[in-house]
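Okay, so here's the structure we're looking at.
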Amino acid sequence: MEGQQEFDCAISLPESCESLLKRGKWASDVEYRLSLIGYAVGLGNVWRFPYLAYKNGGGAFLIPYTMMLVLVGLPLFFLECALGQYANLGPILVWKCVPILQGVGFLMVLMSTYVSIYYNVIICYSLYYLFASFKHVLPWSDCFEWADEKCGRKPEGKCNVTSEGIVSTMNLTWVQANNLTCDLNSTSYQLFESPTMQYWDKVTLRRSTGIHDTGDIVLDLALCLLLAWIIVAASLIKGLKSAGKVVYFTATFPYIVLVILLAESITLEGAWDGINYYIGKESDITKLKDAEVWKDAASQIFFSLSTAFGGLVTLSSYSKFNNNCYLDSIVVCVTNSLTSLFAGFAIFSVLGYMAHILGKPVSEIADSGFGLAFIVYPEALLHLPVPHIWSFLFFSMLVTLGIDSQFVLVETVLTSIEDCFPKLMRNNRFYITIGYCTILFLLGLLCVTQAGIYWIILIDTFCSGWIFFAAIIELVGVCWVYGTNRFIQNIEMMIGVKPRSFWLWWKMCWQYISPLISLVILIWFLATSSAPSYGPILYPTWSIVLGWLMTISCFMWLPIVAIIYIHQTEGTLRQRIVKASKPAANWGPPLRKIEDKDTDIWTL
């Protein structure tokens with residue numbers, strides 16, 4: 095069978111046998127699976143999926159969501175895990191299978207770098223609120239000295255009152271308290287902002303007027319950002335030996351908090367109203383006629399599973415050669431989706447209670463992203479008994495949800511450096527890890543200035559949104575250039591031979607269904623994309639140009655690397671392209687022979 099030949103260790107990788115053995119692997123399968131779950135289950139499961147489900151038809155949204163999981167998410171997840179496990183290489187050198195497309199690896203590494211810059215800033219926001227939860231009075235519980243005249247929990251009403259022929263404009267509360275009557279159609283309400291909204295804007299962000307107005311570095315956020323990077327660096331400084339132990343806590347703690355939140359909130363009055371809005375009787379099956387619903391389902395699957403960022407290849411590259419990556423992929427994908435669904439119950443039951451207290455429909459309260467995490471939900475927690483404890487638990491959950499995803503984003507880059515420069519990395523792992531995290535911390539300081547939130551949105555818009563393109567190239571490269579049949583043979587070397595009927599579905603998805611759906615979503619994304627904005631604030635032209643330059647800095651490696659490989663081969667242009675598209679001479683499973691001898695030298 096092709097690909098089953100034994101590889102001599104000296105030519106398996108650009109490093110010696112000793113260096114290969116020092117690369118390490120997971121100490122246990124549990125650590126690997128928890129790392130996969132921690133990477134896949136992130137902030138989007140809590141602050142994006144519940145709102146998307148509510149907005150797109152409630153329970154009806156589960157239909158397109160499940161279909162996209164089966165047709166795109168799971169096939170791509172399985173492909174990346176199998177590819178990394180077979181080659182024991184990170185996202186750059188794993189493309190020895192198709193050298194001409196090695197630029198895809200650089201694309202993934204650079205996207206992970208950009209995302210890790212602002213993702214840790216979101217974690218620093220959570221740390222900031224976590225520390226604020228220890229104050230005697232929650233600082234966002236009322237309009238304190240930082241608030242302006244618009245701050246309030248209810249809109250201030252005024253109306254005209256006629257008394258003894260004189261018309262006066264008076265406060266509505268005073269009018270009602272004194273049993274007076276408002277003149278017909280004279281009642282008006284001033285716009286107001288809740289304390290949580292103003293605290294987020296004026297205290298946490300100290301937000302400026304736009305991205306052009308950088309302002310000062312917000313010192314409190316900078317210190318929280320420094321702490322976040324210290325946690326990341328300390329967890330990765332010894333590679334898998336340290337990171338594998340941390341995920342036992344970071345991957346499981348969010349589930350404990352979600353269970354506690356749901357157990358408390360489900361008994362509150364109005365909780366079931368929130369759940370009905372989320373996924374109950376308020377579900378609207380007619381929403382499925384809207385193509386936007388299907389696009390939201392596909393994008394949520396991509397971002398939630400964290401495919402096409404290189405992290406799955408990185409984590410799987412440290413697996414045992416005979417690990418059942420097929421079973422792991424199913425377990426993690428199902429766990430991820432069930433977590434999103436479960437988180438929605440915990441979120442919307444609290445929002446339902448809040449709506450009941452305020453006398454508003456849930457539709458006026460529901461939000462997503464920063465609005466849910468740092469405005470709406472902190473407000474909702476104020477209405478629970480002992481809000482300090484609930485606030486502490488909620489923001490602790492956000493920190494742990496984000497931090498293990500951040501671990502993998504950073505480790506993706508470190509693993510790529512280790513693959514390309516093994517001796518340098520292994521002799522200087524401590525210094526390189528500290529240096530890389532320090533550089534990203536310094537770059538992230540721009541995101542904790544008074545214009546920081548604008549920079550976060552800019553980077554997110556122009557960098558992370560292109561994973562659909564990366565996924566298409568990945569699928570085409572592995573399944574059409576390298577070859578689906580060859581790839582299946584590689585997988586069977588690891589998990590055993592399966593009947594042809596078993597592989598029929600996966601071949602259909604890898605070759606046709608998944609790339610086609612990804613292409614449609616990419617075209618839709620490009621056709622409907624608009625300039626980034628923060629509420630009513632639009633971005634200046636120079637920032638849009640800068641955003642496109644960030645995008646180009648990721649994608650330019652595709653043609654550059656391809657041209658280099660074509661130039662290094664001999665023959666006509668067509669012959670060079672064909673040669674550069676064939677697997678490298680040292681492509682193959684370097685661990686198979688070592689593990690077949692049942693050696694324990696790999697265990698950390």
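Going by our numbering, the residue at position 88 of the sequence shown is 182; the numbering climbs one at a time, nothing skipped.
Positions of the beta carbon are idealized from the N, C-alpha and C atoms, including for glycine.
Note that the structure is a prediction, hence the values are computed from the model and not measured.
query: So, do the region 202-213 and the region 460-468 have three or more beta carbon pairs nearer to each other than 8 Å?; result: no
query: In terms of DSSP beta bridges, what is Ser-627 paired with?; result: Leu-632
query: Roughly how many angstroms separate the alpha carbons of Gln-544 and Asp-295, rounded to a whole number?; result: 10 Å
query: Quick one, which of Val-188, Trp-388, Lys-244, Phe-439 has its alpha-carbon nearest Thr-160's?; result: Trp-388
query: Could you tell me whether any non-hydrogen atom of the ligand COA is closer than 8 Å to the CB of Asp-378?; result: The ligand COA is not among the ligands present in this structure, which contains no ligands whatsoever.
query: Given this structure, state the Cα-to-Cα distance separating Ala-154 from Glu-376, to the nearest angstrom.; result: 10 Å
query: With DSSP collapsed to three states, give me the class of Ile-311.; result: strand
query: Taking the alpha carbon of Gly-338 as the point to measure from, which residue in Gly-304, Ser-400, Val-140, Ser-410 has its own alpha carbon closest?; result: Ser-410
query: Quick one: Cα of Ile-617 to Cα of Gly-167, how far?; result: 18 Å
query: What residue from Trp-574, Asp-314, Phe-619 has the CA that sits closest to Cys-83's CA?; result: This structure does not reach residue 83, given that the chain is present from 95 up to 698, and the question cannot be answered.
query: Following the continuous alpha helix (DSSP H) through Val-209, name the residue where it begins and the one where it ends.; result: 197-226
query: With Ala-391 as the anchor, note down where its alpha helix (DSSP H) starts and where it stops.; result: 385-399
query: Helix, strand or coil for Thr-346? Go by DSSP, reduced to three states.; result: coil
query: Taking the beta carbon of Gln-196 as the centre, do at least 16 other beta carbons fall within 10 Å, making it buried, or is it exposed?; result: buried
query: Over what stretch of residues does the alpha helix (DSSP H) that includes Asp-378 continue unbroken?; result: Per DSSP, Asp-378 belongs to no alpha helix (DSSP H) and is neither H nor E.
query: What alpha helix (DSSP H) runs, 4 residues minimum, are completely inside the region 530-600?; result: 546-557, 561-570, 578-589
query: Nearest-angstrom Cα distance between Tyr-212 and Pro-348?; result: 21 Å
query: With distances taken between CB atoms, is the gap from Ile-379 to Gly-438 smaller than 9 Å?; result: no
query: Val-502 and Gly-405 - do their beta-carbons sit closer together than 9 Å?; result: yes
query: Could you work out which residue in Ser-129, Phe-619, Asn-214, Ala-322 is closest to Val-341 when comparing CA atoms only?; result: Ser-129
query: List the whole-angstrom C-beta distance separating Thr-344 from Ile-131, where the pair is believed to meet the contact cut-off of C-beta under 8 Å.; result: 10 Å between Cβ atoms; not a contact.
query: According to the neighbour-count rule (16 or more other Cβ atoms, all chains shown, within 10 Å of its Cβ), is Leu-476 buried or exposed?; result: buried
query: Could you give the DSSP three-state label for Glu-243: helix, strand or coil?; result: coil
query: So, for Cys-191: in the same chain, excluding its five sequence neighbours on each side, which residues have a beta-carbon less than 6 Å away from its beta-carbon?; result: Tyr-576, Pro-677, Trp-681
query: By DSSP, does Glu-363 sit in helix, in strand, or in coil?; result: coil
query: How should Trp-141 be labelled, buried or exposed, when 16 other C-beta atoms within 10 angstroms of its C-beta is the threshold for buried?; result: buried
query: Suppose the cutoff is 6 Å on Cβ atoms and the five residues either side in sequence are ignored; what does the same chain contact list for Asp-59 look like?; result: Only positions 95 to 698 of the chain appear in this structure, which leaves residue 59 out of reach.
query: Considering only the beta carbon of each residue, do Leu-317 and Phe-486 sit closer than 9 Å?; result: no
query: Taking the straight line between their C-alpha atoms, what separation do you get for Thr-645 and Asp-554?; result: 11 Å
query: Residues bridged to Glu-287 by DSSP?; result: Cys-245
query: Pro-634 to Ile-305, Cα distance in whole Å?; result: 8 Å
query: Output yes or no for whether 9 Å exceeds the beta carbon distance between Ile-157 and Leu-382.; result: yes
query: What's the gap between the Cα of Leu-632 and the Cα of Ser-336?; result: 43 Å
query: Compute the distance between the beta-carbons of Phe-489 and Val-209, then report whether it is under 9 Å.; result: no
query: Using the Cα positions of Tyr-420 and Pro-479, report the straight-line distance between them to the nearest angstrom.; result: 45 Å
query: As a quick exercise: from Phe-396, Pro-455, Ser-510, Phe-442, pick the residue whose alpha carbon is nearest that of Ala-565.; result: Phe-396
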